[in-house]
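I have placed the structure first, in the form of structure tokens, so that the comments after it can refer back to it.
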Amino acid sequence: MSATADNARAPRLDPLDLYDVRSMLQEDERIVQDSVAKFVDEQVLPIAGECFEQERFPHELVPAIAELGLLGSSIQGYGCAGLNAIGYGLICQELERGDSALRSFVSVQSSLCMYPIHAFGSEAQRQRWLPQMARGEVIGCFGLTEAHGGSDPANMKTHARRDGDDWVLNGAKTWITNGSIADLAVVWARTAEGIRGFLVEKTFKGYSATTIGHKMSLRASVTSSLYFDNVRVPDENVLPGVVGLKGPLSCLTQARYGICWGVNGAAQACLRAALDYCATRTLFGKPVAATQVAQVRLADMARKITTAQLLALQLGRLKDAGRLTPEQVSLAKWHNTRAAIEVARDARDLLGGAGISVEHAPIRHALNLESVITYEGTETIHQLSVGRALTGLSAF
Ligand code: TGC
Ligand code: FAD
8 MSATADNARA PRLDPLDLYD VRSMLQEDER IVQDSVAKFV DEQVLPIAGE CFEQERFPHE
68 LVPAIAELGL LGSSIQGYGC AGLNAIGYGL ICQELERGDS ALRSFVSVQS SLCMYPIHAF
128 GSEAQRQRWL PQMARGEVIG CFGLTEAHGG SDPANMKTHA RRDGDDWVLN GAKTWITNGS
188 IADLAVVWAR TAEGIRGFLV EKTFKGYSAT TIGHKMSLRA SVTSSLYFDN VRVPDENVLP
248 GVVGLKGPLS CLTQARYGIC WGVNGAAQAC LRAALDYCAT RTLFGKPVAA TQVAQVRLAD
308 MARKITTAQL LALQLGRLKD AGRLTPEQVS LAKWHNTRAA IEVARDARDL LGGAGISVEH
368 APIRHALNLE SVITYEGTET IHQLSVGRAL TGLSAF
């Protein structure tokens with residue numbers, strides 16, 4: 008059979024969406040995806056490599072991100088878009104197709120700062136902070152990790168004690184996304200009652216943030232250490248609705264859910280780059296794409312992406328049905344991030360020497376994904392969460 012006849016009969020598959028997940032989206036979900044994709048194509052991709060190289064967060068994009076309704080998009084009211092879980096997932100996917108740093112920015116603002124204010128805050132706290140945060144006028148950060156061991160936040164040292172109508176906060180947090188550019192830090196600290204959430208304003212005396220430099224990953228994201236030296240926090244800035252580790256862990260479930268979608272965008276960008284490069288790179292008299300080995304590798308990337316897309320979609324449907332469990336999120340965060348980092352590394356290799364240049368996306372995504380596989384719970388933590396769900400035994 009000739010190649011032409013064969014091709015003529017071949018189904019028209021989208022290489023980045025082999026199982027046509029797009030057809031399973033509702034019309035409003037597709038509109039969200041298309042509008043974010045357009046923003047990423049027009050405003051993010053042209054500067055993504057330069058921002059990574061220059062270690063620069065593209066602050067100038069924040070108004071457009073806010074204008075599109077991408078901040079706190081799952082929240083109803085307070086100037087937020089009120090999208091369903093799939094809509095939030097698609098936002099993360101398209102942003103991370105541009106760069107993980109932008110998805111990180113939106114994850115932290117939406118899932119780690121606006122979510123706890125909405126879920127655990129007083130009505131006054133919601134009214135004060137959420138509309139400004141949705142407009143991108145107030146940037147938030149989330150302080151949970153401490154230097155002696157981020158995987159075990161129950162062992163935190165940062166603490167707060169009551170003093171009249173105030174609290175006095177002491178301690179330090181590290182590896183905090185957005186820290187030095189944040190107007191508001193959602194800080195988790197030990198108290199006599201248990202772990203509580205504090206809304207620390209950047210103007211509070213004794214609070215400071217320093218930027219962590221020399222990062223080889225997520226270079227377009229600001230990462231910082233936060234310090235609290237007898238910071239007086241008024242009681243009205245304490246989240247009243249939650250006490251205990253389930254407060255920050257609930258926020259992490261929201262953000263990890265977004266990552267399950269986001270990393271698929273990074274992987275899609277890498278597969279696209281590998282397909283384009285292999286189609287035009289001619290070696291030994293034929294395109295690399297015409298070799299069996301390259302095709303097996305490209306097919307394997309598509310297999311991983313397809314599996315990850317289906318996991319993310321089902322996770323979203325479970326979330327919208329109110330049936331999502333943290334262990335389901337753990338499994339998908341582990342699987343999809345591992346799949347994405349493998350795709351990115353393989354795409355980098357298929358580009359040969361050119362693959363180490365930031366002019367091509369795969370090396371940037373591969374390096375970014377080194378952070379993604381560590382933050383929001385390392386791969387090991389998620390494997391152990393699934394193991395605990397299967398056995399009923401905690402092996403942490
Ligand atoms: P454990 O006994 O399991 O739980 C304590 C309480 O919390 C509840 N809970 C959860 N609630 C909601 N969502 C979850 N995912 C939850 N997991 C647990 C649990 O029911 C219990 O409630 P209660 O009422 O009984 O008190 O706690 P543990 O100390 O055994 O720890 C479990 C473990 C290891 C899974 C947890 O500590 C963990 O997840 N560690 C990893 C920490 C982590 O992921 N840190 C991330 C920091 S933030 C970040 O990385 C942001 S990057 C942002 C970006 O740029 O995108
Ligand atoms: P550790 O907890 O010290 O882990 C070291 C190693 O031990 C890992 O490989 C881990 O998997 C392994 N390990 C852990 N437990 C076990 C076990 N029981 N058995 C075997 N192995 C185990 N944190 C925030 O609070 N807010 C943020 O905004 C934020 N942003 C971040 C941005 C970036 C770019 C990065 C890199 C991190 C960020 N983090 C943030 C911190 C992140 O959540 C932590 O790095 C992560 O939770 C791991 O903690 P750790 O770095 O202290 O590593």
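Reading the sequence shown from the start, the letters are residues 8 to 403 in our numbering. Glycine is no exception: its CB is placed at the ideal position from the N, C-alpha and C atoms.
Return the CA-CA distance between residue i and residue j, expressed in angstroms with no decimal places.
| i | j | result |
| --- | --- | --- |
| T11 | A189 | Note that T11 has pLDDT 44, beneath the 50 cutoff, so the model's placement of it is unreliable and the number below is only indicative. Their backbone Cα atoms lie some 57 Å apart in a straight line. |
| G86 | Q139 | 8 Å |
| S9 | L20 | Confidence is the limiting factor: at S9 the pLDDT is only 40, short of 50, which leaves the residue's position unreliable, though a coordinate-based value still follows. Near 20 Å, if we compare the C-alpha coordinates of L20 and S9. |
| S231 | I98 | 25 Å |
| N375 | S401 | 30 Å |
| V238 | D172 | 13 Å |
| Y214 | H389 | 32 Å |
| P22 | T198 | 52 Å |
| N162 | E36 | 40 Å |
| T387 | K293 | 42 Å |
| G89 | Y26 | 28 Å |
| E130 | V43 | 31 Å |
| F403 | D327 | 30 Å |
| F291 | R395 | 51 Å |
| S81 | L32 | 17 Å |
| L318 | G79 | 23 Å |
With C-beta atoms as the reference, is residue i less than 8 Å away from residue j?
| i | j | result |
| --- | --- | --- |
| A301 | L358 | no |
| Q316 | N271 | yes |
| D106 | R371 | yes |
| R226 | E62 | yes |
| G128 | L246 | yes |
| V145 | L206 | no |
| I312 | A286 | no |
| L119 | A262 | yes |
| S114 | T385 | no |
| F64 | A126 | no |
| C277 | V379 | no |
Mark residue i as exposed unless 16 or more other C-beta atoms lie within 10 angstroms of its C-beta, in which case mark it buried.
| i | result |
| --- | --- |
| V303 | exposed |
| E153 | buried |
| A141 | buried |
| Q335 | buried |
| F149 | buried |
| S364 | exposed |
Is residue i near ligand 2, going by C-beta to nearest heavy atom under 7 Å?
| i | result |
| --- | --- |
| T388 | Sequence inspection shows Ile at residue 388; the Thr mentioned does not correspond to that position. Checking every heavy atom of ligand 2 against the Cβ of I388, one is found closer than 7 Å. |
| I183 | yes |
| L137 | no |
| T217 | no |
Out of the options, which has the shortest C-alpha to C-alpha gap to residue i?
| i | options | result |
| --- | --- | --- |
| G362 | T332, R310, W341 and D283 | D283 |
| T218 | T184, L75, K212 and E383 | T184 |
| S337 | I348, C267, L278 and R330 | C267 |
| M223 | E377, D170, G265 and A88 | E377 |
| Y234 | L252, H166 and L256 | H166 |
| V250 | T381, E130, E208 and V194 | V194 |
| G201 | G143, G157, P255 and E57 | P255 |
| H66 | S81, K164 and S187 | S187 |
| G220 | E60, K253 and G94 | E60 |
| A196 | N91, V69, G178 and R135 | G178 |
Under 7 Å: does the beta carbon of residue i sit that close to some heavy atom of ligand 1?
| i | result |
| --- | --- |
| G186 | no |
| F149 | yes |
| A346 | no |
| K253 | yes |
Can residue i be considered in contact with ligand 3, in the sense that its beta carbon sits closer than 7 Å to one or more heavy atoms?
| i | result |
| --- | --- |
| F403 | As for ligand 3, it is missing from this structure, which binds only ligand 1 and ligand 2. |
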